[in-house]
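Number 81 in our numbering belongs to position 81 of the sequence shown; there are no gaps in the numbering. Idealized CB from N, CA, C, for every residue including glycine. Being a predicted model, the structure only gives us computed values, none of them experimental.
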Amino acid sequence: MASRILLGLVALRVTLVYAATLTIVAATLLALGPRAQTSVVARMSTNVDNLARGHLDTLVGSAFVTDGGQIYLWLPGLVCLLAVAELLWRSARVVLALALGHIGATLIVAGGLAIALEMRWLPVGTARASDVGISYATAGVLGALTAAIPPGWRAAWTGWWVASVVLVATVSQDFTSVGHALALMLGILLSGRLGLPARWTPTRWGLLVAGSWFGYLTLAGAAVPTAPIVGLAGAATARVAHVVAGRWRQQTFTGEPAQ
């Protein structure tokens with residue numbers, strides 16, 4: 001029994017270490033008070049001002065700082081998402097998905113903001129906006145799960161998430177929502193290069209459902225009430241397109257109409 005528990009903990013080491021670090025940081029900031037929290041958030045934000053000053057440590061540090069309390073409400077959902085990804089893709093690949101989603105989307109967004117600020121399309125204060133948290137990493141992991149989804153559901157999965165985040169980014173028109181969409185796309189691109197995932201089990205399906213619900217609340221929430229409808233439309237469209245493309249390929253290569 002002890003050995004099985006130890007093996008389980010080892011298999012989820014990235015999930016457990018990340019969750020523990022987030023908890024420790026949040027508890028420490030809560031104990032230090034609002035002033036300290038405001039200072040740390042300002043120092044760790046991956047905004048244009050900090051990056052322009054050479055504070056590249058924010059690219060990593062910002063993923064461990066959350067702007068706001070009540071970590072106990074959302075941490076279980078994050079653990080479920082990371083756990084299913086780590087069980088399917090193994091630890092090193094989950095770290096890659098986390099890093100690509102968080103750092104990749106941050107750099108692209110920062111580059112776009114720098115250009116917009118230079119062209120005076122945005123207020124000067126945007127350069128010092130707070131930008132910390134786990135949402136880009138969450139989007140990257142969701143995208144990286146794409147290739148692990150069974151082929152029959154993969155197109156619908158992709159269509160749901162892409163339609164949802166693009167809608168929210170279009171309606172919200174804020175750089176964070178754009179970053180979510182970018183991180184998701186980066187994760188999807190990465191997923192095709194992660195190799196073969198481990199097999200699905202009932203436990204992993206349960207973790208996927210819980211983790212996906214958390215991901216949806218993080219990326220879309222209640223900000224855009226029509227997001228579920230658009231997500232379902234995107235899933236249905238992608239599924240139909242996948243079936244039609246499959247039949248067209250079959251007819252093209254066999255020379256016979258698909259049954």
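Buried/exposed call for residue i, threshold 16 Cβ in 10 Å
i	result
Y216	buried
V41	buried
V173	As written in the sequence, residue 173 is Gln, which differs from the Val given in the question. Exposed.
S135	buried
L32	exposed
I24	exposed
E86	buried
W161	buried
I115	exposed
W213	exposed
W157	buried
DSSP-derived helix/strand/coil call for residue i
i	result
A156	helix
V65	coil
A241	helix
W74	helix
V129	One point to set straight first is that residue 129 is Ala, not Val, in the sequence displayed. Coil.
I134	coil
S91	helix
P225	coil
A258	Residue placement at A258 cannot be trusted, given a pLDDT of 49 that sits under 50; the coordinates are not used to answer.
G54	coil
L122	coil
T146	helix
L12	coil
S39	helix
G112	helix
Any C-beta of chain D under 7 angstroms from that of residue i
i	result
V178	This model lacks chain D altogether; it includes just one protein chain.
Neighbourhood of residue i by C-beta, 8 angstroms cutoff - its chain only, sequence neighbours within 5 removed
i	result
V166	A181
S62	M44, S45, T46, H102, T106, D131, V132, G133
A19	L75, L78, V79, L82
Distance between beta carbons of residue j and residue i, contact taken as under 8 angstroms
i	j	result
G125	D67	Not really, about 16 angstroms apart at Cβ, beyond 8 angstroms.
T218	T138	5 angstroms
G143	A99	Going by Cβ atoms, the distance from G143 to A99 rounds to 13 angstroms, so no, they are not a contact pair.
L113	V48	5 angstroms
Other residues of its chain near residue i: CB distance less than 7 angstroms, five sequence neighbours each side excluded
i	result
I286	There is simply no residue 286 to check, as the chain begins at 1 and stops at 259 in what is shown.
R13	S91
P225	none
V10	none
Residue i Cβ short of 6 angstroms to the ligand NAD heavy atom set
i	result
T218	Of ligands this structure carries none, so the ligand NAD is not represented either.
Neighbourhood of residue i by C-beta distance below 6 angstroms, restricted to the same chain and skipping five residues each side
i	result
S164	A220, A227, G231
L208	V84
Ranges of the alpha helix (DSSP H) found wholly within the stretch 157 to 221, counting only runs of at least 4: Those alpha helix (DSSP H) runs which fall completely within the stretch 157 to 221 and span 4+ residues are 175 to 191, 202 to 219.
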